Amino acid sequence: MHNYFGPFPDGFVYAKNIDEIESLIDDHTVAVMIELVQGEGGVQPQDRAKVQALAAMLKSRDVLLMVDEVQTGIYRTGEFLASNLYGIEPDVITLAKGLGGGVPIGVVMTSKKDIFAPGDHGSTFGGNYLSTAAANEVLDILEEIKESGELDEHLLYFETSLATFAKGHPAIFLEHVGLGMMRGLRVCDADTLGKIINAARDAGVIVLKAGRNTLRFLPPLTITKADIDEGFVRLEKAVATL
3 MHNYFGPFPD GFVYAKNIDE IESLIDDHTV AVMIELVQGE GGVQPQDRAK
53 VQALAAMLKS RDVLLMVDEV QTGIYRTGEF LASNLYGIEP DVITLAKGLG
103 GGVPIGVVMT SKKDIFAPGD HGSTFGGNYL STAAANEVLD ILEEIKESGE
153 LDEHLLYFET SLATFAKGHP AIFLEHVGLG MMRGLRVCDA DTLGKIINAA
203 RDAGVIVLKA GRNTLRFLPP LTITKADIDE GFVRLEKAVA TL
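Under the working numbering, residue 244 is the last one in the sequence shown; the count climbs by one each step, no gaps.
Written out as structure tokens, the structure reads:
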């Protein structure tokens, strides 16, 4: 997954998995940054107990915990942050994408106070009037559907519909992974995955690839049950063409 994205920034050490992190920490380590759900890597959630143990270990060693919530944040996993689901309070959280509802924006949040003064931290998309107005509107809309129960109802409906779809094709889909409206199906092989993506596009449904063999689903959080039903009708037609 890292091919063609170099050179990487200096100062980072990359762990193979969450279990390896502690062994890589030394006296020069200032922070550990993780994704709670590996998005591009295959829609793979981290183990909750391991994340909580990592957070406790870092706190005991005075090392900052930074969580990348660019994909998982703003109710994508059902709560405002995936960190809420995992029961942790990171020192730093990054947000983007879903917060702007299509308008570019970037956010860094921290529980550390009195670090920045006005002008210390610049961002191309961080503070202009259009982006922040869009973000406020997005938050108002999503908070309303969350508080009404509509978001949780549709999350469950989508999860159930996806599981039913996968069970109907056991030779193609091997595993159902993800959280909330960030879901994936492990496909039997990469060639079949490519055919499904192409056939789905022809049927009017946009689905993505993640990792080596994961069919990724990121529906809009405002999706209706009727839209979910129609989407899976079209996906059934797409799979039938294989």
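Virtual Cβ for every residue (Gly too), placed ideally from N, Cα, C.
All of these numbers come straight from a predicted model, not from anything done at the bench.
For residue i, the residue or residues it bridges with in DSSP
i: His178; result: Leu187
i: Ile2; result: Because the chain spans 3 through 244 in this model, residue 2 falls outside it and cannot be assessed.
i: Ala212; result: Thr216
i: Leu66; result: Ala33
i: Ile199; result: DSSP, once it has assigned bridges, lists no residue as partnering Ile199.
i: Thr96; result: Asp70, Val110
Cβ distance (whole Å) where residue i is taken to contact residue j below 8 Å
i: Leu223; j: Met183; result: 6 Å
i: Pro106; j: Ser133; result: 6 Å
i: Val189; j: Ile174; result: 6 Å
i: Leu181; j: Leu87; result: 7 Å
i: Ile230; j: Phe160; result: 5 Å
i: Ala165; j: His178; result: 6 Å
i: Phe167; j: Phe234; result: 5 Å
CA nearest to the CA of residue i, picked from the options
i: Glu149; options: Asp29, Gly80, Thr126; result: Gly80
i: Leu141; options: Asp122, Gly103, Asp116; result: Gly103
i: Gly44; options: Leu132, Phe14, Ala58, Asn215; result: Asn215
i: Ala212; options: Asn200, Ala240, Leu187; result: Leu187
i: Ile76; options: Glu139, Arg236, Ala57; result: Glu139
i: Ser85; options: Leu60, Val53, Ile199; result: Val53
i: Val109; options: His123, Ile117, Asp116, Ala119; result: His123
i: Lys61; options: Phe82, Asp116, Glu24, Thr194; result: Glu24
i: Asp28; options: Gly41, Val65, Pro9; result: Val65
i: Ser163; options: Asp12, Glu232, Val39; result: Glu232
i: Lys227; options: His171, Asp204, Leu237, Leu153; result: Leu153
i: Ala201; options: Leu220, Arg236, Ile225, Phe82; result: Arg236
i: Leu198; options: Met111, Phe118, Glu155, Glu238; result: As written in the sequence, residue 198 is Ile, which differs from the Leu given in the question. It is Glu238.
i: Ser113; options: Phe10, Val94, Gly121, Leu26; result: Val94
i: Leu220; options: Gly8, Ala168, Tyr16, Gly41; result: Gly41
i: Glu145; options: Arg78, Met111, Gly121, Leu158; result: Arg78
i: Gly170; options: Phe10, Val241, Leu195; result: Val241
i: Arg218; options: Phe14, Pro9, Val39; result: Val39
i: Ile225; options: Ile143, Lys115, Pro120; result: Ile143
i: Leu83; options: Met111, Gly196, Leu56; result: Met111
heavy atom of the ligand MG below 8 Å from residue i C-beta
i: Ala202; result: Among the components of this structure there are no ligands whatsoever, and the ligand MG is therefore not found.
Three-pair Cβ contact test at 8 Å for the segment 64-75 versus the segment 89-103: yes
Meets three-Cβ-pair contact criterion under 8 Å: the segment 46-53 and the segment 10-22: yes
In chain order, each beta strand (DSSP E) run of at least 3 residues that lies wholly inside the segment 98-123: 109-112
Stretch pair the segment 33-41 + the segment 61-70: three plus CB contacts closer than 8 Å: The segment 33-41 vs the segment 61-70: in contact.
Within the segment 119-161, ranges of the alpha helix (DSSP H) (whole runs, at least 4 residues): Scanning the segment 119-161 from its first residue to its last, the whole alpha helix (DSSP H) runs of 4-plus residues come out as 131-149.
Every unbroken beta strand (DSSP E) inside the segment 4-55 [3 residues or more]: 33-36
At least 3 beta-carbon pairs within less than 8 Å: the segment 145-163 vs the segment 121-133: With the cut-off at 8 Å, the segment 145-163 and the segment 121-133 do not touch.
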